[in-house]
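Peer 1: Protein chains in written order, with full-length UniProt numbering: chain A, 1 to 121; chain B, 1 to 121; chain C, 1 to 121; chain D, 1 to 121.
By construction, the Cβ of each residue, glycine as well, lies at the ideal position given by its N, Cα and C atoms.
Please read these numbers as outputs of a predicted model, since none were measured by experiment.
Before I ask anything, let me first share the structure, which is written out below as structure tokens.
Protein chains: 4
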Amino acid sequence: MTTTEAAGLPVSGHEAAPAHTDGDHGHGVHGYHKQKDEHLKRLRRIEGQIRGLQRMVDEDVYCIDILTQVSASTKALQSFALQLLEEHLRHCVADAAVKGGDEIDAKVEEATKAIARMMRT
Amino acid sequence: MTTTEAAGLPVSGHEAAPAHTDGDHGHGVHGYHKQKDEHLKRLRRIEGQIRGLQRMVDEDVYCIDILTQVSASTKALQSFALQLLEEHLRHCVADAAVKGGDEIDAKVEEATKAIARMMRT
Amino acid sequence: MTTTEAAGLPVSGHEAAPAHTDGDHGHGVHGYHKQKDEHLKRLRRIEGQIRGLQRMVDEDVYCIDILTQVSASTKALQSFALQLLEEHLRHCVADAAVKGGDEIDAKVEEATKAIARMMRT
Amino acid sequence: MTTTEAAGLPVSGHEAAPAHTDGDHGHGVHGYHKQKDEHLKRLRRIEGQIRGLQRMVDEDVYCIDILTQVSASTKALQSFALQLLEEHLRHCVADAAVKGGDEIDAKVEEATKAIARMMRT
Chain A
1 MTTTEAAGLP
11 VSGHEAAPAH
21 TDGDHGHGVH
31 GYHKQKDEHL
41 KRLRRIEGQI
51 RGLQRMVDED
61 VYCIDILTQV
71 SASTKALQSF
81 ALQLLEEHLR
91 HCVADAAVKG
101 GDEIDAKVEE
111 ATKAIARMMR
121 T
Chain B
1 MTTTEAAGLP
11 VSGHEAAPAH
21 TDGDHGHGVH
31 GYHKQKDEHL
41 KRLRRIEGQI
51 RGLQRMVDED
61 VYCIDILTQV
71 SASTKALQSF
81 ALQLLEEHLR
91 HCVADAAVKG
101 GDEIDAKVEE
111 ATKAIARMMR
121 T
Chain C
1 MTTTEAAGLP
11 VSGHEAAPAH
21 TDGDHGHGVH
31 GYHKQKDEHL
41 KRLRRIEGQI
51 RGLQRMVDED
61 VYCIDILTQV
71 SASTKALQSF
81 ALQLLEEHLR
91 HCVADAAVKG
101 GDEIDAKVEE
111 ATKAIARMMR
121 T
Chain D
1 MTTTEAAGLP
11 VSGHEAAPAH
21 TDGDHGHGVH
31 GYHKQKDEHL
41 KRLRRIEGQI
51 RGLQRMVDED
61 VYCIDILTQV
71 SASTKALQSF
81 ALQLLEEHLR
91 HCVADAAVKG
101 GDEIDAKVEE
111 ATKAIARMMR
121 T
């Protein structure tokens, strides 16, 4: 159990986490596990946007309007990634720091590379 | 039907298209119309990637591996947008230039704003 | 001298330019030529931001505040690029379309590749 | 002194830090302090690229070639930001995790917002 949970703080910087957030911690599941339902909802919404894009192409909607919708879907994917990353920093990376040893260096390097990939798209 | 289609060539945004690609203009069909199937195939592939992300979240895959997949989907969306944009420039924008008058200014401004939205995501 | 300049209007990429901006074409000057001073002013401002970043690092300013300034400089560079691109589309690309032939295809492909490079950074 | 330093590990995921890296730690200076010289060198190089852009505009270089140079400068700024961020995560964020309490939540949220700003440019 992390000090964070001991302090009973919301686990997401963006909104209060569900009441039972700490429920399955300690089983070695990743930080984002606690917000699984929220993540799945977000992803289903994005899946719907992609299907909407298929309809737009199929109905010969004006190019620029399709591009606007593509930008919206990309933004939604990026914000999903940011939330996942925040939970990762708050749990996996912070835990590695608490554990001590050199795991923190590997974790930070790994996270930075993931951020670089996100920035380059 | 354009010479391009007659020749059965891919009109991929990334290889030069034959000189006169304006065969079916005036029918008010947008440039991307001719590559509808290719676009729909791309979008179905992206839809599959988003469903793959749902499975990954559902199966508690490691955060960083999910982020890698999100970057791949974002890249795929961006490259779809780029191909759509290239066809838009090649057809709608070029046609406005040929027509003359100030439509070209509106078209270029509209395209630039779409590019700005794509860059900001 | 173009009507635009005669009218003393900014040919800013972000407001519609007057109908016929092609006054001085054929002199082989690139579209952005007419806004050289504005571009140089923008770039000098960005150069100042980069020197500001050096001062921040030198004075051990907090990492996050430096990152905020880096984002501002990147945004400024991107918006300079967008204005340059808009003028390029309005002049070089539009001219190729008017000339006819397959130059337009090469110009559009070249512009799309430049946009892709801008998006990937 | 952090466990990381105790373990005598390189402080940067990208290259071994200079021999004296730990020299001035403990004075409460930020992580990046140890790589000040490297950061200043990077920023001076970027400043030179921006001056190069001014020359290109002044000499009426072809728009697309200027855009290529803008992309290179943006990439250089982004990679400077990534290195700064990595050091921030490795020091400020990891230290907050070790200290315990709720500071880690504020630090992670602050870092995530900085990453979001970097991604949106």
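1. Quick check on D/Gly101: does DSSP put it in helix, strand or coil?
2. Output yes if chain B places a C-beta closer than 8 Å to the C-beta of C/Thr74; else output no.
3. Can you give me the C-alpha to C-alpha distance between C/Asp22 and D/Val57, rounded to a whole angstrom?
4. Which residues of the region 106-117 of chain B have a Cβ closer than 8 Å to any Cβ of chain A? Give them in chain order.
5. Please compile the residues from chain C whose C-beta is within a distance smaller than 9 Å of the C-beta of D/Lys41.
6. Would you grab the beta carbon distance between D/Leu82 and A/Thr121 for me? Rounded to a whole angstrom, and I think it's under 8 Å.
7. Under the three-state reduction of DSSP, which class applies to A/Asp58: helix, strand or coil?
8. In the DSSP assignment, the alpha helix (DSSP H) including D/Thr68 goes from what residue to what residue?
9. Show which residues of chain C have a CB atom less than 7 Å away from the CB atom of D/Val98.
10. Please identify, using Cβ separations under 7 Å, the residues of the region 78-89 of chain C that lie next to chain B, in order along the chain.
11. With DSSP collapsed to three states, give me the class of A/Arg120.
12. Applying the criterion that 16 or more other CB atoms from any shown protein chain within 10 Å of the CB defines a buried residue, is residue 135 of chain A buried or exposed?
13. Which whole-angstrom value is the C-beta distance of C/Leu53 and C/Ile64, which I expect to be below 8 Å?
14. State yes or no: is the beta carbon of B/Met56 nearer than 8 Å to at least one beta carbon in chain C?
15. Contact between the region 72-79 of chain D and the region 93-110 of chain A: three or more CB pairs below 8 Å?
16. Among the residues of its own chain, which have a CB less than 6 Å from the CB of C/Gln69, if the five just before and after it don't count?
17. Could you work out which residue in B/Val61, B/Glu59 and B/Ile115 is closest to B/Glu86 when comparing CA atoms only?
18. Could you list which residues in chain C have their beta carbon closer than 8 Å to that of D/Glu47, in chain order?
19. Suppose you measure from the CA of B/Leu89 to the CA of A/Glu38; what does that come to, to the nearest Å?
20. Return the Cβ separation of D/Arg42 and D/Phe80 in integer angstroms, given the expectation that the two are a contact with Cβ distance under 8 Å.
21. Rounded to whole angstroms, how far is the Cβ of C/Glu47 from the Cβ of D/Arg44, which I believe are closer than 8 Å?
22. Pick out whichever of B/Asp102, B/Lys36, B/Gln49 and B/Asp60 has its Cα sitting closest to the Cα of A/Tyr62.
23. Could you pull out every residue in the same chain whose Cβ sits closer than 6 Å to the Cβ of D/Glu103, ignoring the five residues on either side in sequence?
24. Taking the C-alpha atoms as reference points, what is the distance between A/Val98 and C/Leu40?
25. Skipping 5 residues on each side, what residues in its chain have a beta carbon closer than 7 Å to that of B/Glu109?
26. CB-CB under 6 Å to A/Arg55, same chain, minus the five flanking residues each way: which ones, in chain order?
27. Rounded to the nearest angstrom, what separates A/Gln49 and A/Ser71 at their Cα positions?
Peer 2: Judging by the given coordinates:
1. Here residue 101 of chain D corresponds to residue number 101 of the fourth sequence, with the count starting at 1. Correct three-state label for D/Gly101: coil.
2. For the purposes of this step, residue 74 of chain C is taken as the residue at position 74 of the third sequence. False, the Cβ-Cβ gap to chain B never drops below 8 Å.
3. Along the third sequence, read from residue 1 onward, the residue named residue 22 of chain C stands at position 22. Along the fourth sequence, read from residue 1 onward, the residue named residue 57 of chain D stands at position 57. Bear in mind that the predicted position of C/Asp22 carries a pLDDT of just 37, short of 50, making it unreliable; the figure below should be weighed with that in mind. Answer to the nearest angstrom: the Cα atoms are 20 Å apart.
4. Glu110, Ala111, Ala114 and Arg117
5. Taking the first residue of the fourth sequence as position 1, residue 41 of chain D is located at position 41. Simply none; closest approach about 10 Å.
6. In the fourth sequence, the residue the question calls residue 82 of chain D occupies position 82. In the first sequence, the residue the question calls residue 121 of chain A occupies position 121. Going by Cβ atoms, the distance from D/Leu82 to A/Thr121 rounds to 14 Å, so no, they are not a contact pair.
7. Walking along the first sequence from the start, residue 58 of chain A turns up at place 58. Residue state, collapsed to three classes: helix.
8. Here residue 68 of chain D corresponds to residue number 68 of the fourth sequence, with the count starting at 1. Run containing D/Thr68: Cys63 to His88, per the alpha helix (DSSP H) assignment.
9. On the fourth sequence, position 98 is the one that residue 98 of chain D refers to. The premise fails here: D/Val98 is roughly 17 Å from chain C at the closest Cβ pair, so nothing lies under 7 Å.
10. Gln78, Leu82, Leu85, Glu86 and Leu89
11. Stepping through the first sequence from its first residue, residue 120 of chain A is reached at position 120. Residue state, collapsed to three classes: coil.
12. Residue coverage of chain A in this structure runs from 1 to 121, which leaves residue 135 of chain A outside it and unanswerable.
13. Working through the third sequence from its first residue, we reach residue 53 of chain C at position 53. Working through the third sequence from its first residue, we reach residue 64 of chain C at position 64. Not confirmed; about 13 Å, so no contact.
14. One-based indexing of the second sequence puts residue 56 of chain B at position 56. B/Met56 does not count as touching chain C.
15. no
16. Your numbering for residue 69 of chain C matches position 69 in the third sequence. Cβ neighbours of C/Gln69 beyond the five flanking positions: Leu53.
17. As a first step, residue 86 of chain B is located in the second sequence; it is residue number 86 there, counting from the start. The shortest Cα separation from B/Glu86 among B/Val61, B/Glu59 and B/Ile115 belongs to B/Ile115.
18. Here residue 47 of chain D refers to the residue found at position 47 of the fourth sequence. Result: Glu47, Ile50, Arg51 and Gln54.
19. Taking the first residue of the second sequence as position 1, residue 89 of chain B is located at position 89. Taking the first residue of the first sequence as position 1, residue 38 of chain A is located at position 38. Rounded to the nearest angstrom, the two C-alpha atoms are 39 Å apart.
20. What you label residue 42 of chain D is simply residue 42 of the fourth sequence in a count that begins at 1. What you label residue 80 of chain D is simply residue 80 of the fourth sequence in a count that begins at 1. Indeed they touch by this definition, with Cβ atoms about 5 Å apart.
21. Start at 1 with the first residue of the third sequence, and residue 47 of chain C comes out as number 47. Start at 1 with the first residue of the fourth sequence, and residue 44 of chain D comes out as number 44. Wrong, their Cβ atoms sit about 11 Å apart, outside the cutoff.
22. On the first sequence, residue 62 of chain A is found 62 positions in, with the first residue counted as 1. Cα-wise, what sits closest to A/Tyr62 is B/Lys36.
23. Reading the fourth sequence from its first residue, position 103 is the one you call residue 103 of chain D. Same-chain partners within the cutoff: Ala96.
24. Walking along the first sequence from the start, residue 98 of chain A turns up at place 98. Walking along the third sequence from the start, residue 40 of chain C turns up at place 40. Rounded to whole angstroms, A/Val98 to C/Leu40 spans 50 Å at the Cα level.
25. One-based indexing of the second sequence puts residue 109 of chain B at position 109. Within the same chain, B/Glu109 has no close Cβ partners at all.
26. Your numbering for residue 55 of chain A matches position 55 in the first sequence. For A/Arg55, where only same-chain residues beyond five positions count, there are no Cβ hits under 6 Å.
27. Taking the first sequence and counting its residues from 1, one reaches residue 49 of chain A at position 49. Taking the first sequence and counting its residues from 1, one reaches residue 71 of chain A at position 71. When rounded, the distance between both Cα atoms is 11 Å.
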